[in-house]
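Everything on this sheet refers to the single structure shown next.
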Amino acid sequence: MRSVNTNKELQDVIQEWKHGKSTVGFVPTMGALHMGHIQLVEKSCNENDFTIVSIFVNPKQFNNKEDFNHYPRTVESDSELLKKHGCDLLFLPLQSEIYPEGNQKIELDLGVLNEVFEGPNRPGHFDGVVQVVHRFFDLVKPDKAYFGLKDYQQCMVVKQLRDHYFKEIDLIFCPTSRTESGLAMSSRNARLSKKGIETAAIIYKALNAVKSLYQQVEPKDALFYGSYILKRAGMEIEYFDLANSDSLISNKKWMKKGKNVILVAVWLEGVRLIDNMVF
Ligand code: AMP
């Protein structure tokens, strides 16, 4: 596995690969890698000649400076893990490579996506995602790019960005990797205590509880029950709601099978955790 820090070095490697007509898969990450990330890397390795993984803790997508400062940074072990799982190139850019002076801001009207769930709760977050993903797509020009459905709304934002600016890139959305307890893997889990990890697994139980009541009771009653499960476990709910899985418009009625998504954000031990379930 090669590792580069500058755009110049990145371009040299990509040129070499593309010259031989090889396909390139790309997995953007913020590091502190776990098996959720590795799932994306392995899929990319299986579907492309070469795989590039980036690690960049993007300041523009953190609306909370504390969260940015506390974000785990474990580049050495990340690098070992990537090597073991077949990554060909690790791109570890400095901030100045991603946001050089005079870099133009990318405009993209996200419409409803900015007004629901993560949108109002993390002002500026998706704009930061748009800026960084646009820059990476522009530099890497991958054939395929891999994202996790753990960040469901982010997948929809990236799809809008792709549809607008990068129609030639295939987006591959991968299912949420969970621990045996059902807890969605996340770099932020590293900030929870052992007890917190156990408690956080209840998020999955609450999502399943709502799903199990599909068409048995009104959605609001199913959500009330799910909220009760979360609160009883000591979690503070930021949002917990049902929406249409295509539009993310919140819905008071159940939709047909496959079109329901429950999205949740909670706070536990000062850590913000998100998860979702489509059914
Ligand atoms: P992050 O490093 O948190 O920005 O995540 C990088 C990529 O990995 C994003 O596309 C995430 O959606 C994806 N990802 C993170 N956690 C998981 C997970 N538990 N299952 C699947 N994908 C994930």
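In the numbering used here, the protein residues as written are 33 to 311. Where a beta carbon is used, it is the ideal one built from N, C-alpha and C, also for glycine.
C-alpha gap between His157 and Leu262, whole angstroms: Here residue 157 refers to the residue found at position 125 when the sequence shown is read from its first residue. Here residue 262 refers to the residue found at position 230 when the sequence shown is read from its first residue. Approximately 25 Å, taken between the alpha carbons.
(Q) With a threshold of 6 Å (Cβ to nearest heavy atom), would Ala222 be considered close to the ligand AMP? (A) Counted from its first residue, the sequence shown places residue 222 at position 190. Checking every heavy atom of the ligand AMP against the Cβ of Ala222, none is found closer than 6 Å.
Please name the residue, chosen from Pro152, Tyr131 and Tyr178, that lies closest to Val164 on a Cα-to-Cα basis.
Working through the sequence shown from its first residue, we reach residue 164 at position 132. Checked all of Pro152, Tyr131 and Tyr178; the closest Cα to Val164 is Tyr131.
Less than 6 Å between the CB of Gly68 and some heavy atom of the ligand AMP, yes or no? The residue given as residue 68 occupies position 36 in the sequence shown. Yes - the ligand AMP has a heavy atom lying nearer than 6 Å to the Cβ of Gly68.
Is Ile28 near Leu224, with beta carbons less than 7 Å apart? The structure shown does not extend to residue 28, since the chain is modelled only from 33 through 311, so no value can be given for it.
- Using 8 Å as the Cβ pair cut-off and three pairs as the minimum, do the segment 75 to 94 and the segment 120 to 127 touch? yes
- Closest to Gly151 by CA distance: which of Ala297, Lys288 and Lys75 is it? Start at 1 with the first residue of the sequence shown, and residue 151 comes out as number 119. Considering only alpha carbons, the answer is Ala297.
ask   = In three-state terms, what does DSSP make of Leu60?
value = Reading the sequence shown from its first residue, position 28 is the one you call residue 60. For clarity, residue 60 is Pro in the given sequence; the question names Leu instead. In this structure, Pro60 counts as strand in the three-state DSSP scheme.
message: Suppose you measure from the CA of Ala222 to the CA of Val161; what does that come to, to the nearest Å?
response: Here residue 222 refers to the residue found at position 190 of the sequence shown. Here residue 161 refers to the residue found at position 129 of the sequence shown. So the two alpha carbons sit approximately 22 Å from each other.
Under 7 Å between the Cβ atoms of Phe198 and Cys187? Taking the first residue of the sequence shown as 1, we reach residue 198 at position 166. Taking the first residue of the sequence shown as 1, we reach residue 187 at position 155. Contact flag unset, no.
query: From this set, Val303, Tyr260, Leu300 and Leu255, which residue's C-alpha is nearest Asn292's C-alpha?
result: One-based indexing of the sequence shown puts residue 292 at position 260. It is Leu255.
For a quick check, are the C-beta atoms of Gly258 and Ala232 less than 7 Å apart? Residue 258 sits at position 226 when you count from the first residue of the sequence shown. Residue 232 sits at position 200 when you count from the first residue of the sequence shown. The answer is no: Cβ separation not under 7 Å.
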